[in-house]
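Residue numbers (mature numbering (1 follows the signal peptide of the UniProt record, and there is no 0)): -23 to -1, 1 to 243.
And the structure:
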């Protein structure tokens, strides 16, 4: 009986403490803040690079004033804050959400642009790393997705102030994708897969006609056809190569011994 009374007493003490606030959640300092104050404070946190706190305040603003003038801007800022904090997944999710909810927003072109930037920055990491890792071990998915995002911006909003920069980035991305394909073709050649190397190089010719990578692709085709004993294709490709790149460094190196010719690109 005494044991039961002790349990009841302990329960009462816990309930009493809980009522005093010992177990209550931390007070919300933003309670009662106006939309203007929330937005201002969130912007200050963003400018100070306190991205997590900025996101919390923007989300509080959106939930507290969903139909106010700042709600949509807060949604855009959330996407930007995630982008700046390098949280690609959350940033893309926020961008997609905004585009879906506000397809006709006056600034929706920026969200298309931001979607491209998010993937663009991810593929920059890929390019910085590609020279330290075998090219076939990584798939430049972000590169293609960044290109597709910028292309969508250019097509939907040709007069957007972000379009000129998007076009420049698209040119860069085309060269990046072509360079990746060259790496793969070179990989095949080094391992004696000459037909695969020639086919990959031919793909560069078809898909990236204006890329500087064409020069190297042609040279890979020449070397691959030579290894395969396809002398007619080798000679035809050589004529095309000399016509378009008469002073190419690859031709000069090609006159040397065949040993480790791919090191030209390492």
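Every residue gets a Cβ at the ideal spot worked out from N, C-alpha and C, and that includes glycine.
Heavy atom of the ligand MN within 7 Å of residue i beta-carbon
{"i": "residue 82", "result": "This structure lacks the ligand MN; in fact it carries no ligand of any kind."}
Proximity of residue i and residue j at Cβ, strictly below 8 Å
{"i": "residue 76", "j": "residue 85", "result": "yes"}
{"i": "residue 36", "j": "residue 30", "result": "no"}
{"i": "residue 152", "j": "residue 189", "result": "yes"}
{"i": "residue 127", "j": "residue 146", "result": "yes"}
{"i": "residue 181", "j": "residue 217", "result": "no"}
{"i": "residue 154", "j": "residue 121", "result": "yes"}
{"i": "residue 202", "j": "residue 214", "result": "yes"}
{"i": "residue 186", "j": "residue 199", "result": "no"}
{"i": "residue 219", "j": "residue 228", "result": "yes"}
{"i": "residue 164", "j": "residue 197", "result": "no"}
{"i": "residue 173", "j": "residue 194", "result": "no"}
{"i": "residue 225", "j": "residue 192", "result": "yes"}
Terminal residues of the alpha helix (DSSP H) in which residue i lies
{"i": "residue 183", "result": "171 to 184"}
{"i": "residue 40", "result": "28 to 41"}
{"i": "residue 124", "result": "118 to 133"}
{"i": "residue 82", "result": "Premise fails: residue 82 is in no alpha helix (DSSP H) and is neither H nor E."}
{"i": "residue 163", "result": "140 to 167"}
{"i": "residue 20", "result": "12 to 24"}
{"i": "residue 219", "result": "208 to 221"}
{"i": "residue 192", "result": "190 to 205"}
{"i": "residue 8", "result": "That residue, residue 8, is in no alpha helix (DSSP H); it is neither H nor E in DSSP."}
{"i": "residue 57", "result": "48 to 61"}
Beta-carbon separation (whole angstroms), residue i vs residue j, contact threshold 8 Å
{"i": "residue 143", "j": "residue 93", "result": "6 Å"}
{"i": "residue 48", "j": "residue 59", "result": "That pair is no contact at about 17 Å."}
{"i": "residue 91", "j": "residue 123", "result": "The Cβ separation is near 11 Å, so there is no contact."}
{"i": "residue 66", "j": "residue 56", "result": "12 Å between Cβ atoms; not a contact."}
{"i": "residue 19", "j": "residue 45", "result": "Rounded, the Cβ-Cβ distance is 13 Å, inconsistent with contact."}
{"i": "residue 28", "j": "residue 62", "result": "4 Å"}
{"i": "residue 39", "j": "residue 26", "result": "In fact, because the Cβ distance is near 21 Å, the residues do not count as touching under 8 Å."}
Test: residue i CB closer than 8 Å to a CB of chain C
{"i": "residue 70", "result": "This model lacks chain C altogether; it includes just one protein chain."}
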